[in-house]
Amino acid sequence: MTRREFISGTLLGAGACLLGGTSLASALAPSAAPPDSVSFVHFTDTHLNPARDYSHCRMIKDSLALLEDAVSSVNTMKNIDFVIFTGDMIDSPTEKLVETFARAANRLQVPWFWSIGNHDVGPGGMKVPKMVEALNKHNPHFTAPAPRYSFTVNGFLFVSMCGAIDNAVTAAARFPEDEFQFLDERLRADASRPAILFQHFPIVYPFKSATHVVLNQQEYFGLIDSRPNVKAVFSGHYHAARLSERNGVAHVSTPALIQYPNEIRKTTVTRAAQGVKFDFEMIPTRLRNIRESSRAACSSSALLEGKPSDRTASMSVK
């Protein structure tokens, strides 16, 4: 298998869906997983900004140390195909922070991909197109001409979606109609492949919040309910660990790296005769003093940590 055969990317650029497929960067290594399996590590809410002081239980001052430790941890793992960062990679929308973030992420020994969160863009800082441009500039593994894109690994389709609102300071999200069109076209074009979606904003909420909502949630549900190849949605935003299932789709919320429980989620997905199996393992930071300081300052540590069944567990969907 050549490097170009490992991951086949299909990107949306200039309003056109490149359904024929576009190979990602030639630097990608061959897949380490069996033909019907893929393994990746989910990072979310790294909130990089080491020049800023601590904010309640968010260890912003230690954000670079936490990111570098997690990257080092992934590099000790075997058979990992890629890493996905689902938004709030940086705490404020500046290219300088993107450069610092990417410098740490580029130490990964596997490719890394991304979805955009509300802290990554906003008024007075980078808008979504500028954030995409900055990530492309500093990520050597691939170039995405738009904030939504897709790629395939070992027969699985992965789609990164962007619901970030960049003209207001808000924790709410709205997925544009052209994103839904893109997703629908990708799911139709690869109907035989199990599809996994990556995005910052969950559509099945880990807990109730009046502010952290998807404004067109029902429209999103209608789309994925009509496409049976959607098997999972991975997200962050709530900084909480949750696993749930809705209409045959796994909804996977991973906690923040920046605050307790300060973890990343290792996931192995296996295609089986009766559907798709997910094996999850939570990996805490090895910086124990930072983790304990965050827990001590956090009044909602149990809510964010979730139940054992939300953490290191297995889950199957048909």
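Basically this note's numbering = 1-based index in the sequence shown + 73. Note that the Cβ used here is the ideal one computed from N, Cα and C, for glycine as well.
Whose C-beta lies closer than 7 angstroms to the C-beta of residue i among residues of the same chain, with five residues either side of it excluded?
{"i": "Gln290", "result": "Ile276"}
{"i": "Ala386", "result": "Leu316 and Phe353"}
{"i": "Thr122", "result": "The sequence given here has Asn at residue 122, not Thr. Correct list, in chain order: Ile133, Ser136, Ile163, Asp164, Ser165 and Leu170."}
{"i": "Asn209", "result": "Thr216 and Ala217"}
{"i": "Lys304", "result": "Pro267, Ala268, Ile269, Val322, Ala323, Val349 and Val390"}
With DSSP run on the structure shown, which of helix, strand or coil describes residue i?
{"i": "Phe174", "result": "helix"}
{"i": "His115", "result": "strand"}
{"i": "Ile269", "result": "strand"}
{"i": "Pro381", "result": "helix"}
{"i": "Tyr311", "result": "coil"}
{"i": "Ile133", "result": "helix"}
{"i": "His192", "result": "helix"}
{"i": "His324", "result": "strand"}
{"i": "Asn204", "result": "Position check: residue 204 holds Met in this sequence, whereas Asn was assumed. Looking at Met204 - three-state DSSP - the assignment turns out to be helix."}
{"i": "Ser372", "result": "coil"}
{"i": "Lys151", "result": "coil"}
{"i": "Gly94", "result": "Reliability fails at Gly94, whose pLDDT of 34 lies under 50, so the model's placement of it is uncertain and the value that follows must be treated cautiously. Three-state DSSP puts Gly94 in coil, outside helix and strand."}
{"i": "Ala264", "result": "coil"}
{"i": "Tyr222", "result": "strand"}
{"i": "Gly295", "result": "helix"}
{"i": "Arg319", "result": "strand"}
{"i": "Leu139", "result": "helix"}
{"i": "Leu256", "result": "helix"}
{"i": "Asp251", "result": "helix"}
{"i": "Ile238", "result": "coil"}
{"i": "Val390", "result": "strand"}
Using the beta-carbon count (16 or more within 10 Å), is residue i buried or exposed?
{"i": "Ala219", "result": "buried"}
{"i": "Thr117", "result": "buried"}
{"i": "Arg261", "result": "exposed"}
{"i": "Asp251", "result": "exposed"}
{"i": "Lys339", "result": "buried"}
{"i": "Pro267", "result": "buried"}
{"i": "Phe280", "result": "exposed"}
{"i": "Gln347", "result": "exposed"}
{"i": "Glu336", "result": "buried"}
{"i": "Gly195", "result": "buried"}
{"i": "Asn320", "result": "exposed"}
{"i": "Ala175", "result": "buried"}
{"i": "Arg259", "result": "buried"}
{"i": "Gly197", "result": "exposed"}
{"i": "Pro202", "result": "exposed"}
What does a CB cutoff of less than 6 angstroms around residue i pick up in its chain, not counting 5 residues either side in sequence?
{"i": "Asn191", "result": "Ala237 and Ala244"}
{"i": "Asp263", "result": "Leu230"}
{"i": "Ser112", "result": "Ala106, Asn152, Ile153, Asp154 and Thr341"}
For the putative contact between residue i and residue j, defined by C-beta atoms under 8 angstroms, what is the C-beta separation to the nearest angstrom?
{"i": "Asp239", "j": "Lys200", "result": "4 angstroms"}
{"i": "Pro108", "j": "Asn227", "result": "6 angstroms"}
{"i": "Phe274", "j": "Ser233", "result": "No, Phe274 and Ser233 are not in contact; Cβ-Cβ is about 12 angstroms, not under 8 angstroms."}
{"i": "Leu377", "j": "Ala313", "result": "5 angstroms"}
{"i": "Val306", "j": "His324", "result": "5 angstroms"}
{"i": "Ser188", "j": "Phe271", "result": "5 angstroms"}
Using a Cβ-Cβ distance cut-off of 7 angstroms, determine whether residue i contacts chain C.
{"i": "Asn302", "result": "The displayed structure is made up of one protein chain only, and chain C is not part of it."}
Could you name the residues of the same chain whose beta carbon sits closer than 8 angstroms to that of residue i, not counting the 5 residues immediately before and after it, in chain order?
{"i": "Asn148", "result": "Arg180, Leu181 and Gln182"}
{"i": "Arg364", "result": "Tyr333, Pro334, Asn335, Pro357 and Thr358"}
task: Indicate whether the contact test is met: 3 or more Cβ pairs, each with one atom in the region 110-126 and one in the region 238-249, closer than 8 angstroms.
output: no
- prompt: For the region 289-304 against the region 324-334, are there 3 or more C-beta pairs whose distance is under 8 angstroms?
  reply: no
task: Evaluate contact between the region 173-182 and the region 139-153, counting only Cβ atoms and requiring at least three cross-stretch pairs below 8 angstroms.
output: yes
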